[in-house]
Amino acid sequence: MPRKAPTSIFLIFLCLLLIAFYSLLLSRSAISLSPTHLRFRPRNLTTRYDAPDSFNHVIREDINELPHRTRLVTSIQGPVESVSVLLPNWEVLVLVSHDTPLTSNLGVGGFYCFFPRNETSPANFSGVLPFTSATTFKCTLPNRNRRLQPFHQPVLTRFPERETNVISAAPVMPRWDFLAYECFSTETDVVLFVKGVNNRQGINKSPEEFRCVFGNDINNAVKTPVTSSKQEVFRCLHPNLMELSISPSTTAAAKRIKVSIEINREKLVVPSVAYYTPPRRHMPSNPNPTSLLCATTMVYNVAKFLREWVMYYSKIGVDKFILYDNGSDDDLERVIKELNEEGDYNIERIFWVWPKTQEAGFSHSAVYAKDSCTWMMYVDVDEFIFSPSWLKNSSQPSKTMLKSLLSISSNGSIGQVSIKCNDFGPSDQKKHPAMGVIQGYNCRRQAEQRHKSILLLEAVDHSLLNVIHHFDLNNNHYNWKELPLEAAVINHYKYQAWPEFMTKFRRRVSAFVADWRTRVNPMSKDRTPGLGFQPIKPEGWENMFCDVKDDRLKLWTKKWFGSQTPQGLKMAWQL
Numbered sequence: 001m002p003r004k005a006p007t008s009i010f011l012i013f014l015c016l017l018l019i020a021f022y023s024l025l026l027s028r029s030a031i032s033l034s035p036t037h038l039r040f041r042p043r044n045l046t047t048r049y050d051a052p053d054s055f056n057h058v059i060r061e062d063i064n065e066l067p068h069r070t071r072l073v074t075s076i077q078g079p080v081e082s083v084s085v086l087l088p089n090w091e092v093l094v095l096v097s098h099d100t101p102l103t104s105n106l107g108v109g110g111f112y113c114f115f116p117r118n119e120t121s122p123a124n125f126s127g128v129l130p131f132t133s134a135t136t137f138k139c140t141l142p143n144r145n146r147r148l149q150p151f152h153q154p155v156l157t158r159f160p161e162r163e164t165n166v167i168s169a170a171p172v173m174p175r176w177d178f179l180a181y182e183c184f185s186t187e188t189d190v191v192l193f194v195k196g197v198n199n200r201q202g203i204n205k206s207p208e209e210f211r212c213v214f215g216n217d218i219n220n221a222v223k224t225p226v227t228s229s230k231q232e233v234f235r236c237l238h239p240n241l242m243e244l245s246i247s248p249s250t251t252a253a254a255k256r257i258k259v260s261i262e263i264n265r266e267k268l269v270v271p272s273v274a275y276y277t278p279p280r281r282h283m284p285s286n287p288n289p290t291s292l293l294c295a296t297t298m299v300y301n302v303a304k305f306l307r308e309w310v311m312y313y314s315k316i317g318v319d320k321f322i323l324y325d326n327g328s329d330d331d332l333e334r335v336i337k338e339l340n341e342e343g344d345y346n347i348e349r350i351f352w353v354w355p356k357t358q359e360a361g362f363s364h365s366a367v368y369a370k371d372s373c374t375w376m377m378y379v380d381v382d383e384f385i386f387s388p389s390w391l392k393n394s395s396q397p398s399k400t401m402l403k404s405l406l407s408i409s410s411n412g413s414i415g416q417v418s419i420k421c422n423d424f425g426p427s428d429q430k431k432h433p434a435m436g437v438i439q440g441y442n443c444r445r446q447a448e449q450r451h452k453s454i455l456l457l458e459a460v461d462h463s464l465l466n467v468i469h470h471f472d473l474n475n476n477h478y479n480w481k482e483l484p485l486e487a488a489v490i491n492h493y494k495y496q497a498w499p500e501f502m503t504k505f506r507r508r509v510s511a512f513v514a515d516w517r518t519r520v521n522p523m524s525k526d527r528t529p530g531l532g533f534q535p536i537k538p539e540g541w542e543n544m545f546c547d548v549k550d551d552r553l554k555l556w557t558k559k560w561f562g563s564q565t566p567q568g569l570k571m572a573w574q575l
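Counted from 1, the sequence shown has number 98 at position 98 by the UniProt record's numbering; the numbering is strictly sequential.
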């Protein structure tokens, strides 16, 4: 018995030592930065690449791949350094730098936006910006804060109850309608996307009125001339890298530099969340073979429509699809992944969160895709091109069909091919047709409406100017070809069953077209005849816009894409 006492004392001492050691580890892992280190200084968002040749290459959006892009930790004790932008409808976009630690599972929530007056709202993960790798969240500006102007940026935190003493240090929050929001470097210049400077369609200020400003500190910034100013697209010269303290040999792994536009007369620099990447001295050849024909469009919650659109166009000649995703929250990502895994399709999704920037997104695609696509087709997911001659002369779809419409003249000067649209009505449908839009809608308006285009990317004008899916061309070398209805036509399934059509009231994607709820231009062609400014179903909607029954594409696709199953006729996109 006397021999056990020293043993017991030793065990007690060992336990106390282990407890002390464990406590020390916990204290070292806690984040204990002072409030001054956690404020929302709009410092440089950075990005790093694993491969030196990945300059300007988009990072595909996939939540499962998030750990490869963002440094993650399992515990965040304080607020997260971020920058916020006020979007339409009191939505707040929060951007977190690539190398700021975040929790390991962003999709399950747990973050909050903390505002003055101790108001909070949930911060939901939105996506990762492809060219800065910034992680984005969205929250709602609380009601009482909407009366506080100027609006201040919120604190992004997991523990809003701990932030009562630090919110006053947050800077003013920029608004989406006056913002430099994206940047793309070509080998010869910088393409900068800025909202709120050229506000009226067709009226663009002179490039001499602006300068591009590079650097986080305006007092030490480098400024270069602007060479083009059209819509939201500004082009300017690259800065001298030595003036930015960047060596000419800097690789793509270098930190990005903030870039914006200065309005010379007002000596005003537009708020910016855009960042510049220096061009590589020697651009490597594209490792992927160039696709002859690609298709691009801006999308929002089109998961239920995408499979039909992709499968149709792939069969008749589109080699690659580039989708500018305007913040979808449906199953779009899953559908894209499934199609790509089937092996027959090449779909790239670019997370493009900026509201009312369709023209800018198309301009971006014209420079972004130039190395991977020869021709680019600009059509929406409810638009389907066909040629009446295909119905008569082809027993099977062919990948040469669309490309046959791009027949080049003897001098090779065709830079853009335009195709007219027929607008289809609800065709007595009360919900989305299970067999797809082509089979579901077969009654249209008599007169053809507008047109969409297939563009030779090397023919685009330096300004990248585009209006309603067609571009200005370099007129010194290229011409514009309009196809007659006998050669090709677009079935535009525009006025669908009411539950589908009313979703358009969320927002119009064009920068220069008023939203449905905005009480202006009631007689514009961009509005729907018989429809007001609210999503109120007009009487007799199911039979509106029905002048001509047109089954041509319906019968053709049923023959080529339909098959009999034990459950009856099914289209390929249903299987």
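Glycine residues also receive a C-beta, built at the ideal position from the N, C-alpha and C atoms.
Host alpha helix (DSSP H) of residue i (start-end)
i, result
"Ser363", "358-368"
"Phe305", "303-316"
"Lys558", "552-561"
"Thr498", "The question names Thr, but residue 498 is Trp in the sequence shown. Start and end: 498-501."
"Val335", "332-341"
"Pro388", "388-393"
Three-way DSSP call (helix, strand, coil) for residue i in this model
i, result
"Trp354", "coil"
"Ser418", "strand"
"Lys481", "strand"
"Phe115", "strand"
"Glu458", "helix"
"Arg444", "strand"
"Glu91", "strand"
"Thr36", "Model confidence at Thr36 stands at a pLDDT of 29, short of 50, so the residue's coordinates are unreliable; what they give is reported in the following sentence. Helix at Thr36."
"Trp176", "coil"
"Tyr295", "Note that residue 295 corresponds to Ala in the displayed sequence, not to Tyr. DSSP places Ala295 in strand when its eight states are reduced to three."
"Lys504", "helix"
"Met435", "coil"
"Gln449", "strand"
"Pro122", "strand"
"Glu348", "strand"
"Ile218", "helix"
"Met401", "helix"
"Gln564", "strand"
"Asn491", "strand"
Separation of residue j from residue i, as counted between CA atoms
i, j, result
"Lys399", "Ile454", "16 angstroms"
"Ser32", "Pro79", "With a pLDDT of only 29 at Ser32, under 50, the local geometry of the prediction cannot be trusted, and the value read off the model is given with reservation. In a straight line, the C-alpha of Ser32 is about 11 angstroms away from that of Pro79."
"Gln201", "Leu95", "29 angstroms"
"Arg60", "Arg349", "Its pLDDT being 30, under 50, Arg60 is placed unreliably by the model, and nothing is read from it."
"residue 576", "Leu323", "Residue 576 lies beyond the stretch modelled for the chain, which goes from 1 to 575, so this question has no answer here."
"Ile574", "Gln567", "For the record, residue 574 in the displayed sequence is Gln; it is not Ile. The alpha-carbon atoms of Gln574 and Gln567 are separated by roughly 12 angstroms."
"Gly425", "Ala497", "8 angstroms"
"Asp461", "Ser206", "16 angstroms"
"Glu294", "Trp354", "First, the amino acid is wrong: residue 294 is Cys here, not Glu. Approximately 23 angstroms between the Cα atoms of the pair."
"Phe386", "Asp325", "26 angstroms"
"His469", "Ile419", "11 angstroms"
"Leu332", "Thr120", "29 angstroms"
"Glu266", "Phe159", "41 angstroms"
"Ser84", "Val128", "14 angstroms"
"Ala274", "Pro174", "13 angstroms"
"Val269", "Gln446", "50 angstroms"
"Asn198", "Leu569", "52 angstroms"
"Lys549", "Asn466", "33 angstroms"
"Glu208", "Thr357", "24 angstroms"
"Gln416", "Gln153", "44 angstroms"
Extent of the continuous beta strand (DSSP E) to which residue i belongs
i, result
"Lys320", "320-325"
"Ser427", "Unbroken run through Ser427: none, as it is neither H nor E."
"Gly568", "568-571"
"Met376", "373-378"
"Lys537", "First-last for Lys537: undefined, no H or E at that position."
"Thr140", "135-140"
"Leu102", "Neither: Leu102 is in no beta strand (DSSP E) and is coded neither H nor E."
"Ile203", "No beta strand (DSSP E) holds Ile203; DSSP gives it neither H nor E."
Below-8 angstroms beta-carbon distance, residue i vs any chain D residue
i, result
"Ser418", "In the structure shown, chain D does not exist; there is a single protein chain."
Using 8 angstroms as the Cβ pair cut-off and three pairs as the minimum, do the region 137-145 and the region 114-125 touch? yes
Under 8 angstroms: do the region 333-340 and the region 178-191 share three or more Cβ pairs, one atom per stretch? no
Do the region 546-566 and the region 296-315 make contact, defined as three or more Cβ pairs closer than 8 angstroms? yes
Stretch pair the region 189-203 + the region 428-446: three plus CB contacts closer than 8 angstroms: no
Could you tell me whether the region 257-271 touches the region 179-194, where touching means 3 or more Cβ pairs closer than 8 angstroms? yes
Complete beta strand (DSSP E) runs within the region 220-245 (minimum length 3 residues, chain order): 222-230, 233-236
Assess contact between the region 119-127 and the region 210-221, defined as three or more Cβ pairs (one per stretch) separated by less than 8 angstroms. Is contact present? no
Inspect the CB distances between the region 472-481 and the region 360-377 and report whether three or more fall short of 8 angstroms. no
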